[in-house]
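Before any comments, here is the structure.
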Amino acid sequence: MRDRIPDIIRRSGRTPRYRTLSTDEYRRALIDKLNEEVGELAAAENQESILGEAADVVEVVAAIAAEYGADLGTVLDIASRKRTERGGFGQRLWLSSIDESESAVSVEPTDH
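Numbers given in our numbering equal positions in the sequence shown, counted from 1, plus 376.
This is the structure:
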């Protein structure tokens, strides 16, 4: 959970029950939280919700980077290198198949 949630719960007159996670538990919880936030992003239906959920995804990615001794800037640097090597997503391309000798592999888009 976000760091200020216990205080927010207390201010509402309730008592939070929580514990500090071990390193392994925390790392697993961050990945689980990232999956949750990506699901919420996929379900968002308007610009405000989409951008809000994207911000939540970025927040979790920053926490993951910090847990592994880096920061969001490092993640963005790696993303920039990958974009230089492989391109970005601005052209809206979808790979439908790759022809290899006599066989073709079809790649169908998903609903997501």
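Ideal Cβ positions, reconstructed from N, Cα and C, are used throughout, including at glycine.
When the options are compared against residue i, the one with the closest alpha-carbon
i: L406; options: R390, A420, E443, I381; result: E443
i: E401; options: E435, I440, S388; result: I440
i: L397; options: K458, D379, R387, D475; result: D379
i: D432; options: L452, G445, K409; result: K409
Buried versus exposed call for residue i [16 or more other C-beta atoms within 10 Å across all chains shown]
i: E412; result: exposed
Three-state class that DSSP yields for residue i in the structure shown
i: E476; result: strand
i: S388; result: coil
Through-space distance from residue j to residue i, alpha-carbon basis
i: G415; j: E484; result: 20 Å
i: E335; j: V437; result: The requested residue 335 is not part of the displayed model; the chain covers only 377 to 488.
i: G389; j: R403; result: 31 Å
Next on the checklist: So, does the segment 467-477 touch the segment 415-428, judging by three or more C-beta pairs under 8 Å?
Outcome noted: The segment 467-477 makes no contact with the segment 415-428, as fewer than three CB pairs between them are under 8 Å.
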